[in-house]
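Worksheet: the structure to be examined is printed underneath.
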Amino acid sequence: MSSQNLRWLNPTQPQTLYSAVMLSYFRAVGMVLFGSAYYRQLPLDLFGSGVATLFALFLTGTFVAGGIGITNERTWGYIFAFFSACYSVLATLWVGINFSLGMGFLLRLMFDIVLVVLLVHPHSRSYKKIWFR
110 MSSQNLRWLN PTQPQTLYSA VMLSYFRAVG MVLFGSAYYR QLPLDLFGSG VATLFALFLT
170 GTFVAGGIGI TNERTWGYIF AFFSACYSVL ATLWVGINFS LGMGFLLRLM FDIVLVVLLV
230 HPHSRSYKKI WFR
């Protein structure tokens, strides 16, 4: 995949995948602009502060890489986006169960679950099976 062929969005893909790409980018931008305390808490509780900070940076990168990979019809992009989304659901539930169940928690959980659902939707999976390399 050369830089001349690199695409950030692909409107010819099914609406489910296109929406998943947009939501992956949205989650990455949200982590950069508003912090990633929700996603750092699980590795912080398990491994400590150094790993938690690195993991938050890694997760932001996997959201962006997943979006770019899906847009350019690469299997690795789908895998990155799927595992990032699943971790986001798990980390958000971890924070919600251990700390608080406010409106921010519910809104964050909703977006995380929607991303997973968009990626495992039958239209997304059939398109991936046919077109992704």
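If you're matching positions, the sequence shown starts at 110 in the working numbering and goes up one per residue.
Glycine included, every Cβ here is placed at the ideal spot set by N, Cα and C.
Asked	Found
S128 and G176 closer than 7 Å at C-beta	no
Nonlocal neighbours in the same chain, by C-beta distance under 6 Å from Q150, ignoring five residues either side	V204
Secondary structure of T125, DSSP reduced to three states	helix
Member of G186, F167, L115, I239 whose CA lies at the smallest distance from the CA of M140	F167
A165 and S197 closer than 7 Å at C-beta	no
N207 - DSSP class collapsed to helix/strand/coil	helix
Reference P120, options K238, N207, P231, E182, closest by Cα	E182
Counted within 10 angstroms of its Cβ, other Cβ atoms place L224 as buried (16 or more) or exposed	buried
Rounded separation between L202 and V160 - CA only	20 Å
4 or more residues per run - each alpha helix (DSSP H) lying fully within the stretch 152-224	158-180, 184-207
Proximity below 7 Å, CB of A200 to CB of V173	no
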